[in-house]
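Visitor:
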Amino acid sequence: MKSENNYERIVQNSKKFQHSQKNEMQKRITDLLQQLTNGIHERDQIMAVSLLGAIAGHNTFLFGPPGTAKSLISRRLACAFENPQYFEYLMNRFSTPEEVFGPVSIKALKEDRYVRKIEGYLPTANFAFLDEIWKSSPAILNNLLTIINEHIFKNGDERFNVPLKALIAASNEIPPENQGLEALYDRFIIRLLVPPIEHEENFNRLLDSKPSSDKPEISEDLRISYHELAKWREQLYAVKLSTDTLLIIKYIREELAVQFDKLGVYVSDRRWQRAAVLLKASAFCNGRKETNHSDLILLKYCLWTTPENRESVEKIVMNAIKSCGFDTGIDLAGLDREKASLDKEINKELYYSQDIYDTVEMNGKKYFPVQATFIDSYNNYSNKNYRLLVPFKKFHSKDIFNPIDEQGNTIDNVECQFDGQGSCSLKLKINRGYNRDTYEPLTFKPKIMFHKGDKKSNVNKRLIYSLSQAVSDIRKQLIDILKQVEKKYEEYQQYLQSPFAIQADIDIAVSGILDQIDKLNLRIKDCERLGSLCR
Numbered sequence: 297m298k299s300e301n302n303y304e305r306i307v308q309n310s311k312k313f314q315h316s317q318k319n320e321m322q323k324r325i326t327d328l329l330q331q332l333t334n335g336i337h338e339r340d341q342i343m344a345v346s347l348l349g350a351i352a353g354h355n356t357f358l359f360g361p362p363g364t365a366k367s368l369i370s371r372r373l374a375c376a377f378e379n380p381q382y383f384e385y386l387m388n389r390f391s392t393p394e395e396v397f398g399p400v401s402i403k404a405l406k407e408d409r410y411v412r413k414i415e416g417y418l419p420t421a422n423f424a425f426l427d428e429i430w431k432s433s434p435a436i437l438n439n440l441l442t443i444i445n446e447h448i449f450k451n452g453d454e455r456f457n458v459p460l461k462a463l464i465a466a467s468n469e470i471p472p473e474n475q476g477l478e479a480l481y482d483r484f485i486i487r488l489l490v491p492p493i494e495h496e497e498n499f500n501r502l503l504d505s506k507p508s509s510d511k512p513e514i515s516e517d518l519r520i521s522y523h524e525l526a527k528w529r530e531q532l533y534a535v536k537l538s539t540d541t542l543l544i545i546k547y548i549r550e551e552l553a554v555q556f557d558k559l560g561v562y563v564s565d566r567r568w569q570r571a572a573v574l575l576k577a578s579a580f581c582n583g584r585k586e587t588n589h590s591d592l593i594l595l596k597y598c599l600w601t602t603p604e605n606r607e608s609v610e611k612i613v614m615n616a617i618k619s620c621g622f623d624t625g626i627d628l629a630g631l632d633r634e635k636a637s638l639d640k641e642i643n644k645e646l647y648y649s650q651d652i653y654d655t656v657e658m659n660g661k662k663y664f665p666v667q668a669t670f671i672d673s674y675n676n677y678s679n680k681n682y683r684l685l686v687p688f689k690k691f692h693s694k695d696i697f698n699p700i701d702e703q704g705n706t707i708d709n710v711e712c713q714f715d716g717q718g719s720c721s722l723k724l725k726i727n728r729g730y731n732r733d734t735y736e737p738l739t740f741k742p743k744i745m746f747h748k749g750d751k752k753s754n755v756n757k758r759l760i761y762s763l764s765q766a767v768s769d770i771r772k773q774l775i776d777i778l779k780q781v782e783k784k785y786e787e788y789q790q791y792l793q794s795p796f797a798i799q800a801d802i803d804i805a806v807s808g809i810l811d812q813i814d815k816l817n818l819r820i821k822d823c824e825r826l827g828s829l830c831r
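The working numbering puts the first residue of the sequence shown at 297, with every later residue one more than the last.
1) Count the other CB atoms, across all protein chains shown, that sit within 10 Å of the CB of H747; report buried if there are 16 or more and exposed otherwise.
2) Do L332 and R372 have their beta-carbon atoms positioned less than 8 Å apart in this structure?
3) Just the Cα atoms here: how many angstroms apart are F484 and L518?
4) Alpha carbon to alpha carbon, how far is L816 from P459?
5) Quick one: using the 10 Å Cβ neighbour count with 16 as the cut-off for buried, is L552 buried or exposed?
6) For K680, list the residues DSSP reports as bridge partners.
7) Does the beta-carbon of Q317 have 16 or more other beta-carbons within 10 angstroms, so that it is buried, or is it exposed?
8) My output table needs one value for T392: the three-state DSSP class, helix, strand or coil.
9) Please report the residue range of the alpha helix (DSSP H) in which K757 lies.
10) Where do the ends of the beta strand (DSSP E) carrying C720 lie?
11) Are the stretch 322-336 and the stretch 454-471 in contact at 8 Å, needing three or more beta carbon pairs?
12) Pull up the distance between the alpha-carbon of V535 and that of E824, whole angstroms please.
13) So, with DSSP's three-state summary, where would you put C598?
14) If you follow the beta strand (DSSP E) that Y382 is in, where does it begin and where does it stop?
15) Looking at the structure shown, is V490 part of a helix, part of a strand, or coil, going by DSSP?
16) Check this for me: beta carbons of Q381 and N422, under 8 Å apart or not?
17) Please state whether DSSP places S578 in a helix, a strand or coil.
18) How big is the Cα-Cα spacing for L329 and K784?
19) Tell me which residues share the same chain as N388 and place their Cβ nearer than 8 Å to its Cβ, disregarding the 5 neighbours each side in the sequence.
20) Inspect the CB distances between the stretch 793-811 and the stretch 571-590 and report whether three or more fall short of 8 Å.
21) Quick check on the burial criterion: 16 or more other C-beta atoms within 10 angstroms. Buried or exposed for P472?
22) Suppose contacts are defined by Cβ-Cβ distances below 8 Å. Is K751 in contact with L646 by that definition?
23) Which whole runs of the beta strand (DSSP E) in the stretch 690-714 are 3 residues long or more, in chain order?
24) Who are P665's beta bridge partners in DSSP?
25) Enumerate in chain order the residues of its own chain whose CB-to-CB distance from L763 is below 6 Å, with the five nearest sequence positions on each side excluded.
26) Which first and last residues belong to the beta strand (DSSP E) in which I448 is found?
27) Beta-carbon within less than 8 Å of G827's beta-carbon, same chain only, minus the 5 sequence neighbours each way: which residues are those?
28) List the whole-angstrom C-beta distance separating F456 from S367, where the pair is believed to meet the contact cut-off of C-beta under 8 Å.
29) So, do the stretch 584-599 and the stretch 734-744 have three or more beta carbon pairs nearer to each other than 8 Å?
30) Could you tell me which residues DSSP pairs with F377 in its beta bridges?
31) In terms of DSSP beta bridges, what is S467 paired with?
32) From the DSSP output, in three-state form, read off V656 for me.
33) If you measure between the beta carbons of V666 and F740, is that distance less than 8 Å?
34) Taking only the alpha-carbon atoms, compute the straight-line gap between I744 and L818 and give it to the nearest angstrom.
35) Let's see if you can read the secondary structure: which residues bound the alpha helix (DSSP H) around L829?
36) Where does E586 fall in DSSP's three states?
Printed below as a string of structure tokens:
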């Protein structure tokens, strides 16, 4: 029932988000993405995250089979920027550095200078797309790593800064192990799966439409200038990582460490740092000065290393976002332990933890007092009356035993046996002839003075007040936390919408916050239960 209520709240809040007024920056990015993805199917999220990567200065790896529009995504992405100098190349094992970095100048060679003619090649490009990147030669990949790391290209004696804003690489495989490609692979902070079109309706539209243009119409006022881009990259560093963000990252790191033997996912400090910049870029493009849960969704595109662990890593990220809720700055686990301890103390001091029976004590041992009248089935005038003491320690056994009298002497001719259900049978063993007992057996059921859960009387009033006050203090702290979370959530709602996160993922983040609110309400209800026990 609770999950249904949460779902209803999520749907209502989603509608509220979607109709909330977007800030100017967010609206511009959203409008730009609509034009970039016009006419292509099921590639909105890939384009959105790739664009964010370009804004943040990060490189993107598109993983997927041939023919899934990876190159089209890259070409269109470049159109988001003014006058893009675009370079594209399909790698193979015979590719040479000349095909990527430019041919050697014959004229310069005659002058004893080894200089490349780089115009129109990767060193002068703003945006580049390298398809089947892992099939390339070591000479190309080593130079590429230098360009990515230092943004510098050495041409003869000259070293100059390359204008590359974003590099997109693609392949239907990840780099093979032990080939020295780990460092280059680690530089692709964003890793996106590009599958074939999944939904039949979109696939049918693809079949019935003309080929998508790699140069969509982009409004000039939406294009990003290089001056703007430089300014944005400087400004996004001022965005703060929220305490919620740091808490969720901590949870993800811990879970990756726990599952390292199973998944084998190692995330370098550099990668974490670059991923944090991506989160800041998301917040910045959504007009915020602080990151939130919707930004953290992007980590599922940054942390996986192989196709085999991609879904597991995504699950770890989304579980962390859902389970962490808001950071309240208060040790809720500590409060829970304190409340549980109070629960035990209240029940121990104020209530009977087990049934208390009517017993008497003799020589440090407890006995059930029994006034037994045995009826002689042959002669009523021969009835026998006994004052018996039945040992308490036999209550939970089915042994046959003899009771004692009030002087502590064993009564040998009376046999007792409990039935395991709380009743005791008593038999008087006096033979009146004919080899048979003539006295009818009795059944005795111990009298309960106080049932388990009954409140004790004459408990010290100061103790009761102390316990009640302790419960009240915990309840007050929980109410303060609840108010804090609800207030934060109310303010948070308008900021959770993001063009870089799909609604289903945002709903997961929202459900985690609503779960946190529900659990706080349950804790408060439990405090009210404990408070009522003290009255």
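Yeah, the Cβ is synthetic: ideal placement off N, Cα and C, and Gly gets one too.
Guide: The short version:
1) Mapped onto the sequence shown, residue 747 falls at position 451. H747 comes out exposed.
2) One-based indexing of the sequence shown puts residue 372 at position 76. One-based indexing of the sequence shown puts residue 332 at position 36. In contact: R372 and L332 (Cβ atoms closer than 8 Å).
3) In the sequence shown, counting from the first residue as 1, residue 484 sits at position 188. In the sequence shown, counting from the first residue as 1, residue 518 sits at position 222. The alpha-carbon atoms of F484 and L518 are separated by roughly 27 Å.
4) In the sequence shown, the residue the question calls residue 816 occupies position 520. In the sequence shown, the residue the question calls residue 459 occupies position 163. Spanning the two alpha carbons is a distance of roughly 52 Å.
5) Here the question's residue 552 lines up with position 256 in the sequence shown. Its Cβ being crowded by 16 or more others within 10 Å, L552 is buried.
6) The residue labelled residue 680 in the question sits at position 384 within the sequence shown. Answer by DSSP bridge pairing, in chain order: F670.
7) In the sequence shown, residue 317 corresponds to position 21, counting from 1. Caution is warranted here: a pLDDT of 42 is assigned to Q317, below 50, making its placement in the model unreliable, and the coordinate value is therefore given only provisionally. It is exposed - the Cβ of Q317 has fewer than 16 other Cβ atoms within 10 Å.
8) Counting from one through the sequence shown, the residue named residue 392 turns up at place 96. Note: T392 maps to coil in three-state DSSP.
9) Here residue 757 refers to the residue found at position 461 when the sequence shown is read from its first residue. Where K757 is concerned, the enclosing alpha helix (DSSP H) stretches over K757 to Y788.
10) Taking the first residue of the sequence shown as 1, we reach residue 720 at position 424. C720 to L724 is the extent of the beta strand (DSSP E) around C720.
11) no
12) Residue 535 sits at position 239 when you count from the first residue of the sequence shown. Residue 824 sits at position 528 when you count from the first residue of the sequence shown. Between V535 and E824, the C-alpha separation is close to 42 Å.
13) One-based indexing of the sequence shown puts residue 598 at position 302. Residue state, collapsed to three classes: coil.
14) One-based indexing of the sequence shown puts residue 382 at position 86. Run containing Y382: Y382 to L386, per the beta strand (DSSP E) assignment.
15) Position 194 of the sequence shown, counting from 1, holds the residue named residue 490. Looking at V490 - three-state DSSP - the assignment turns out to be coil, as it is neither helix nor strand.
16) Mapped onto the sequence shown, residue 381 falls at position 85. Mapped onto the sequence shown, residue 422 falls at position 126. It is a contact, given that the beta carbons lie within the stated cut-off.
17) Indexing the sequence shown from 1 puts residue 578 at position 282. Of the three classes helix, strand and coil, the one that applies to S578 here is helix, per DSSP.
18) By one-based count along the sequence shown, residue 329 stands at place 33. By one-based count along the sequence shown, residue 784 stands at place 488. Going by the C-alpha atoms only, they are around 30 Å apart.
19) As a working note, residue 388 is residue 92 in the sequence shown. Same-chain partners within the cutoff: E428, K431 and S432.
20) yes
21) For this step, residue 472 is matched to residue 176 along the sequence shown. Exposed, by the Cβ-count rule.
22) The residue labelled residue 751 in the question sits at position 455 within the sequence shown. The residue labelled residue 646 in the question sits at position 350 within the sequence shown. Yes, Cβ-Cβ distance for K751 and L646 is below 8 Å.
23) 710-714
24) Counted from its first residue, the sequence shown places residue 665 at position 369. P665 pairs with L685.
25) For this step, residue 763 is matched to residue 467 along the sequence shown. Hits under 6 Å: I642 and C830.
26) Residue numbering aside, residue 448 sits at position 152 when the sequence shown is read from its first letter. Counting along the chain, the beta strand (DSSP E) containing I448 begins and ends at I448 to N451.
27) By one-based count along the sequence shown, residue 827 stands at place 531. Counting only Cβ-Cβ distances below 8 Å, and skipping sequence neighbours, we find S764, V767, S768 and R771.
28) Sequence index remark: in the sequence shown, residue 456 carries index 160 (1-based). Sequence index remark: in the sequence shown, residue 367 carries index 71 (1-based). With 8 Å as the limit, F456 and S367 do not qualify as a contact, their Cβ atoms being about 28 Å apart.
29) no
30) Along the sequence shown, one-based indexing puts residue 377 at 81. DSSP lists I520 as partners of F377.
31) In the sequence shown, residue 467 corresponds to position 171, counting from 1. F359, per the DSSP bridge assignment.
32) Looking up residue 656 in the sequence shown gives position 360. It is a strand residue.
33) Your numbering for residue 666 matches position 370 in the sequence shown. Your numbering for residue 740 matches position 444 in the sequence shown. Yes, Cβ-Cβ distance for V666 and F740 is below 8 Å.
34) Your numbering for residue 744 matches position 448 in the sequence shown. Your numbering for residue 818 matches position 522 in the sequence shown. Cα to Cα, I744 sits roughly 35 Å from L818.
35) Against the sequence shown, residue 829 aligns to sequence position 533. Unbroken alpha helix (DSSP H) run through L829: Q799 to L829.
36) Taking the first residue of the sequence shown as 1, we reach residue 586 at position 290. Note: E586 maps to strand in three-state DSSP.
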